[in-house]
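Heads up, the thing below is written out as structure tokens.
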Amino acid sequence: MKKSEQYKRIFRLGFVAILFLAEMLLFYYVWRTYYSDLMEITYANLGHWMIVGVYGLMLYIFTVLFAGWKIGYLRIFNTVYLQSIATISANIIIYLQIVLLTKHFYSVVPIIVMSLADVAIIALWSPIASLLYRVVYPPRKVLMVYAERWFEGILEKFNSRADCFHVEELINVTEGLEAIYEKCHLYEAVIICDVPSETRNKILKYCYDNSIRTYTTPKISDVIMRSSEEIHLFDTPLLLSRNVGLTAEQRFMKRFFDIVLSALALLIFWPFMAIIAVAIKLDDRGPVFFKQDRVTKDGKVFSILKFRSMIVDAEKNGAVIPAVDNDPRITRVGKIIRKIRVDELPQILNILKGEMSIVGPRPERVEHVEKYKKEIPEFKYREKVKAGLTGVAQVYGKYNTSAYDKLKLDLMYIQNYRVLFDIELIIQTVKILFEKESTEGFDKVKTKKDEDK
6 MKKSEQYKRI
16 FRLGFVAILF
26 LAEMLLFYYV
36 WRTYYSDLME
46 ITYANLGHWM
56 IVGVYGLMLY
66 IFTVLFAGWK
76 IGYLRIFNTV
86 YLQSIATISA
96 NIIIYLQIVL
106 LTKHFYSVVP
116 IIVMSLADVA
126 IIALWSPIAS
136 LLYRVVYPPR
146 KVLMVYAERW
156 FEGILEKFNS
166 RADCFHVEEL
176 INVTEGLEAI
186 YEKCHLYEAV
196 IICDVPSETR
206 NKILKYCYDN
216 SIRTYTTPKI
226 SDVIMRSSEE
236 IHLFDTPLLL
246 SRNVGLTAEQ
256 RFMKRFFDIV
266 LSALALLIFW
276 PFMAIIAVAI
286 KLDDRGPVFF
296 KQDRVTKDGK
306 VFSILKFRSM
316 IVDAEKNGAV
326 IPAVDNDPRI
336 TRVGKIIRKI
346 RVDELPQILN
356 ILKGEMSIVG
366 PRPERVEHVE
376 KYKKEIPEFK
386 YREKVKAGLT
396 GVAQVYGKYN
406 TSAYDKLKLD
416 LMYIQNYRVL
426 FDIELIIQTV
436 KILFEKESTE
446 GFDKVKTKKD
456 EDK
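Counting in our numbering, the sequence shown tops out at residue 458, every number present.
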């Protein structure tokens, strides 16, 4: 491992510190110019810097929460988006603190203008930081170790991030461990793609022993093991996997937030939903809503509610015809509402009824679930929680992500559930509205048999 690798985190934190310094100085100006004199007893100079320090602490907390510091790991747009969300969140909190200090709701305009200036600074800072990061840390030259199939998709995904990786060579496991070990030393990292567990474990141990970085595609059992709890009943380490989905307390909190947030969303979005309904009706005089049977927790079937985006009887005789790119069945209004994902808004009613959750696995069609379960028996594991309007697979996957990869993403969510993760995914959902690749249609329905040995 190169010595410079050890300083990546320091490099990132250094650039974030520069951004924080600029934002804190801007806040100091806004505070002293517009708010500090409104206090009954004004601070001495040290007090002013203390409140700036508190603001900096909030910037740090929100940046860590939203992972906005991952320069080089995230694309520039994602860095700008997440850092902007973190900064705006800190600005909202600091305004509430100003209200407490001044005991009045004074004008929020200076904070709004400051937020716009912050976003402009972030938009300038992000590409510069990313460019300098790539100069110091160019794309890794990596080796891909693969089995007899299913590596093309992973290879394509790694090649799509040419800013991070350059796959120099591929080697099949049939060439033997000695040949693989020899190749490992020629590259900066090794991708282990769908390799049988016994062979994979040997490669992992060899790379660990020689301090070689690895990227491994997990199997279903790996996802379950990752969430295990360490227990020490005796001198032999044990990993406990409860395998029950969410606990009673987690289910209660999740349902509470579902009711509160969906009711609030309905209150905010109903005028927009009314406009969409009128547009659909005027477009082709057909029904506004579209209902379809979907699967949720414990395999229960419910009728999902969506704004209709296709022509009436788009699937004649009940035939399952997945949407494809430039599908001629999509209406003029449908193209717009599908592009920005607002066709999903009526599912707020499904959430209020308790059939869905705001965050959870994608509610798949009954026909697809039956097909996937035949080819991937573990697909039923995702039914330990309610289907969701958004989720890990919806945020980090694409519309045409394979069923097997969706299953692994959903299991990662179920096995590592926490309320903060739900909040993070809700915020990340706004980001994907601007990403074309997340709404791509199917080229074909992809599935994969699990070879989880």
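Glycine residues also receive a C-beta, built at the ideal position from the N, C-alpha and C atoms.
Identified DSSP bridge partners for residue i
| i | result |
| --- | --- |
| aspartate 298 | Ser308 |
| leucine 129 | Its beta-bridge partners do not exist; DSSP assigns none. |
| methionine 315 | Ile335 |
| alanine 270 | None, per the DSSP bridge assignment. |
| isoleucine 76 | Leu79 |
| arginine 370 | Arg299 |
Contact under 7 Å by Cβ, residue i with residue j
| i | j | result |
| --- | --- | --- |
| serine 246 | isoleucine 225 | no |
| leucine 79 | phenylalanine 25 | no |
| lysine 379 | lysine 385 | no |
| isoleucine 356 | aspartate 298 | no |
| isoleucine 302 | lysine 391 | The question names isoleucine, yet the displayed sequence has lysine at residue 302. Against a cut-off of 7 Å, the Cβ pair of lysine 391 and lysine 302 comes out as a contact. |
| isoleucine 126 | alanine 22 | no |
| alanine 71 | isoleucine 99 | Per the sequence shown, the amino acid found at residue 71 is phenylalanine instead of alanine. No, these two residues do not count as a Cβ contact at 7 Å. |
| phenylalanine 312 | aspartate 288 | no |
| glycine 396 | proline 351 | no |
| lysine 210 | glutamate 173 | no |
| threonine 219 | valine 200 | no |
| cysteine 189 | threonine 222 | no |
| methionine 119 | leucine 31 | yes |
| serine 267 | isoleucine 342 | no |
| tyrosine 422 | leucine 251 | yes |
| isoleucine 116 | asparagine 96 | yes |
| valine 338 | alanine 284 | yes |
| valine 249 | valine 300 | no |
| glycine 402 | lysine 389 | no |
Three-state secondary structure (DSSP) of residue i
| i | result |
| --- | --- |
| tyrosine 220 | strand |
| arginine 166 | coil |
| glutamate 380 | helix |
| glycine 291 | coil |
| aspartate 457 | For aspartate 457, the predicted structure reports a pLDDT of 44, less than 50, and the residue's modelled location is therefore unreliable. A value from the coordinates is still provided. Three-state DSSP puts aspartate 457 in coil, outside helix and strand. |
| valine 200 | coil |
| glycine 365 | coil |
| glutamate 28 | helix |
| isoleucine 15 | helix |
| threonine 444 | With a pLDDT of 45 at threonine 444, under the threshold of 50, the modelled position of that residue is not reliable, and the figure given next carries that caveat. Of the three classes helix, strand and coil, the one that applies to threonine 444 here is helix, per DSSP. |
| asparagine 279 | As written in the sequence, residue 279 is alanine, which differs from the asparagine given in the question. Alanine 279 falls in the helix class under three-state DSSP. |
| serine 49 | Residue 49 is actually alanine in this sequence, not serine. In the structure shown, alanine 49 sits in coil (DSSP, three-state: anything other than H, G, I, E or B). |
| isoleucine 345 | coil |
| threonine 452 | With a pLDDT of only 42 at threonine 452, under the threshold of 50, the placement of this residue in the model should not be trusted; the figure read from the coordinates follows. DSSP places threonine 452 in coil when its eight states are reduced to three. |
| valine 195 | strand |
| serine 41 | helix |
| alanine 207 | It is lysine, not alanine, that sits at residue 207 in the sequence shown. If DSSP states are grouped into helix, strand and coil, lysine 207 belongs with the helices. |
| aspartate 240 | coil |
| threonine 68 | helix |
| phenylalanine 262 | helix |
| glycine 158 | helix |
| phenylalanine 110 | coil |
Boundaries of the beta strand (DSSP E) in which residue i is found, first to last residue
| i | result |
| --- | --- |
| phenylalanine 170 | 170-177 |
| valine 147 | 145-151 |
| threonine 395 | 393-395 |
| glutamate 320 | First-last for glutamate 320: undefined, no H or E at that position. |
| leucine 243 | 243-245 |
| isoleucine 236 | 234-236 |
Whole-number beta carbon distance between residue j and residue i, since they are thought to touch under 8 Å
| i | j | result |
| --- | --- | --- |
| methionine 258 | valine 424 | 6 Å |
| arginine 387 | aspartate 415 | 4 Å |
| threonine 84 | serine 41 | About 32 Å; that fails the 8 Å criterion. |
| tyrosine 409 | isoleucine 381 | 6 Å |
| phenylalanine 20 | alanine 134 | 4 Å |
| asparagine 177 | tyrosine 151 | 6 Å |
| glycine 77 | tyrosine 138 | 4 Å |
| glycine 359 | valine 317 | Glycine 359 to valine 317, Cβ: 30 Å. No contact. |
Start-to-end residues for the alpha helix (DSSP H) that takes in residue i
| i | result |
| --- | --- |
| threonine 92 | 81-107 |
| lysine 358 | 352-358 |
| lysine 188 | 182-189 |
| tyrosine 418 | 408-420 |
| valine 228 | 225-231 |
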